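> Before we start, here is the structure in question, set down as structure tokens.
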Amino acid sequence: MRIAAEKHVNIIGAGLAGALLAVLLARRGLAVTLYERRPDPRQARPERGRSINLALAARGIHALERAGVMERVRPLMIAMRGRMVHERSGACALQPYGQREHEVIYSVGRADLNRVLIDEALGHPQVTLRFNQQCTGVDARGNRLRLRDTVSGSEHELDLAPAIATDGAGSAVRASLAAAGLTTVREQWLDHDYKELTVPPAAGRPALDTHALHIWPRGGFMLIALPNTDASFTATLFLARAGARGFAALDSAAAVAKFFATQFPDAVPLLPRLAEEFAQHPQGQLGTVHTAPWQVGGKVLLLGDAAHAIVPFHGQGMNAAFEDCRVLDELLERHEDWGALFGEFERTRRPNTEAIAQMALENYIEMRDTVLDARFVRLKGLAMTLERRFPDRFIPRYSMVMFHPEITYAEALRRGALQAQLLEQLDPGEGAAAGAAPDLDRAEKLIRERLPPIG
Ligand SMILES: Cc1cc2nc3c(=O)[nH]c(=O)nc-3n(C[C@H](O)[C@H](O)[C@H](O)COP(=O)(O)OP(=O)(O)OC[C@H]3O[C@@H](n4cnc5c(N)ncnc54)[C@H](O)[C@@H]3O)c2cc1C
């Protein structure tokens, strides 16, 4: 199907990726119809059970800039300079994310961001948004898109192609392609779930340092908190589903109170509605979705979480979904038909989304277990020193992922592994005097041997 001949695109799901993609495609002159299961979020209350705020980083920002929406997104953003690590003793210390002024990540409210993107999309006359339209499946061979009106309950069908499915981690489009044998799906569920809680302002002021992502790492589980623009924070408990130290054991208000008093004593005064919220708020599941292929013959493409949902521990699911949108938009310049476009999109993106899926899983261990480790802190310091000294060859992996959209996720993973070996070799060890300078001559020799210049 030629792009020049078919200038209309269906997008299924007007979440973060779907709404941004609509803006990008509309700017190219394509007519877009978005089908969204929920009511218009600019009028309705946000759906419960979704993460309330998210970390936005350079890859996401790069895509938002390309779509020309950053000016409207900026007021929603709160800079977080680093991880504020809260120990059980109550001691806390900031571990900066980067070492340059702009190397920060941003907390942004999901609902507000989605509202801005939907509003921007609707500012383009060639975008039509149909709310309360739930996709119940697609028939790619027969070129049909099946929809159910969630208000009237009526069902109807439309021509499918070309369509882009951005209907999220639980994608109905992906499920129906899999059921028809057109794709295979592997879902890798984590045995840890999450629950969100509220840290309200104290006497009208934020109860914690606003410019940090707070973590209470406890070895095997953790509590985190991200700031909101109304001076509250959203805290999230990540914990095993089963076992004596899991959600299953927190089956009464007394058990919850005891668990928090023991594990997070300094957080208890910050959570005045702990018992009530713990009982009422949903317990969310987390997992990684591997799908192949993502597209069927230029008729339908899975994008964002629908293609490659990941666990949230690197704060990159939305950023990766936004990067998908940017890459698809760039590839549109080079392709004349949807089949070739979707095919190249998948070839370009899959190695990168597989890489971030792996790094996101690894980051859970880092956040909940190793951030308190003296060796971790030492190697992080060494990595920062090497970056200052050899900025064209050595950038800590976390920084490559969060601050360097010009370095692909796959390249960050590959270089990160080489750098980790190098750090092992250069580690002065526990015995070395605190603050001892690393052997920079040896570091330079090893770096020149093993790490070619970036880019
Ligand atoms: C606890 C948690 C914390 C997270 N933190 C971060 C973070 O800090 N940083 C980050 O980058 N990412 C984070 N993520 C990941 C991020 O939420 C997702 O990667 C991102 O939302 C993906 O965008 P999407 O548009 O692909 O899917 P979604 O945002 O899920 O949007 C899907 C849309 O499709 C609609 N829809 C669903 N089914 C249908 C249907 N059948 N028919 C029509 N419409 C449908 C939905 O209503 C929704 O509007 C987090 C995720 C979780 C669970």
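In the working numbering, each residue carries its 1-based index in the sequence shown increased by 70. Quick reminder that beta carbons are idealized off the backbone N, C-alpha and C, glycines included. Keep in mind that this is a model prediction, so the values were computed, not measured.
1. So V366 packs on A210, CB below 8 Å; how close in whole Å?
2. Kindly indicate the opening and closing residues of the beta strand (DSSP E) around H378.
3. Write down every uninterrupted run of the beta strand (DSSP E) in the segment 141–211 whose length is 3 residues or greater and which is fully enclosed by it, in chain order.
4. Check whether the segment 335–344 and the segment 155–167 touch, using three or more Cβ-Cβ pairs below 8 Å as the test.
5. Opposite F308 in the DSSP bridges: which residues?
6. Would you mind working out which of F329, T220, L510 and L307 sits nearest A314, comparing C-alpha positions?
7. Is it buried or exposed for V221, if we count other Cβ within 10 angstroms and need 16 for buried?
8. Would A233 and I426 be called neighbours here (beta carbons separated by less than 8 Å)?
9. Considering just the uninterrupted stretch of the beta strand (DSSP E) at E227, what are its terminal residues?
10. Name the residue from T478, S469, L371 and L90 whose alpha carbon lies nearest to the alpha carbon of E171.
11. Looking only at C-alpha atoms, which of F308, L296 and D237 sits nearest to D263?
12. What do you reckon, are the CB atoms on K77 and A101 nearer than 8 Å?
13. The alpha helix (DSSP H) with A114 in it runs from where to where?
14. Relative to the C-alpha of E135, which candidate in V447, F460 and N389 has its C-alpha closest?
15. Confirm the yes/no value for this check: CB of C395, any heavy atom of ligand 1, distance under 7 Å.
16. Count the C-beta pairs between the segment 280–299 and the segment 420–439 that are closer than 8 Å, then say yes if the count reaches three, no if not.
17. Looking at the unbroken beta strand (DSSP E) that takes in Q355, where does it start and where does it end?
18. Relative to ligand 1, is the shortest distance from any of its heavy atoms to the C-beta of A376 smaller than 7 Å?
19. Looking only at its own chain, which residues have a Cβ that is under 7 Å from the Cβ of G316, when we skip the five neighbours before and after it?
20. Measure the Cβ-Cβ separation of C205 and D229 and say whether it is below 8 Å.
21. For D394, is the classification buried or exposed, using 16 other Cβ atoms within 10 angstroms of its Cβ as the cut-off for buried?
22. Would you say the segment 168–185 touches the segment 142–149, given that touching needs at least three Cβ pairs under 8 Å?
23. Less than 7 Å separating the Cβ of A331 from some heavy atom of ligand 1?
24. From the DSSP output, in three-state form, read off D399 for me.
25. Here's the rule: buried if 16 or more other CB atoms are within 10 angstroms of the residue's CB, otherwise exposed. What is D399?
26. Name the two residues that bound the continuous beta strand (DSSP E) containing N80.
27. Considering D511, what are the terminal residues of the alpha helix (DSSP H) in which it resides?
28. So, with DSSP's three-state summary, where would you put P587?
29. Starting from the Cα of F392, find the closest Cα among Q203, R107 and N184 and give me that residue.
30. Using the C-alpha atoms, what's the distance from D279 back to A507?
31. Quick one: does the C-beta of M388 sit closer than 7 Å to a heavy atom of ligand 1?
32. Just how far apart, CA to CA, sit M454 and P466?
33. Measuring straight from C-alpha to C-alpha, what distance separates A323 and E347?
34. Roughly how far, in whole angstroms, is the beta-carbon of L372 from the beta-carbon of V243, given that I think they are within contact range, below 8 Å?
35. Should D321 be labelled buried (16 or more other beta-carbon atoms within 10 Å of its own) or exposed?
Let me spell this out:
1. 4 Å
2. Where H378 is concerned, there is no enclosing beta strand (DSSP E), although the alpha helix (DSSP H) it sits in stretches over D375 to H378.
3. 148–150, 152–156, 162–166, 175–179, 197–200 and 203–209
4. yes
5. Y264 and M292
6. F329
7. exposed
8. no
9. E225 to D229
10. S469
11. F308
12. yes
13. Where A114 is concerned, there is no enclosing alpha helix (DSSP H), given that its DSSP letter is neither H nor E.
14. N389
15. no
16. yes
17. G354 to A362
18. yes
19. L309 and A310
20. no
21. buried
22. yes
23. no
24. helix
25. buried
26. H78 to I82
27. L510 to R520
28. Any property of residue 587 remains undetermined from this structure, which presents the chain solely from 71 to 525.
29. N184
30. 31 Å
31. yes
32. 7 Å
33. 10 Å
34. 7 Å
35. exposed
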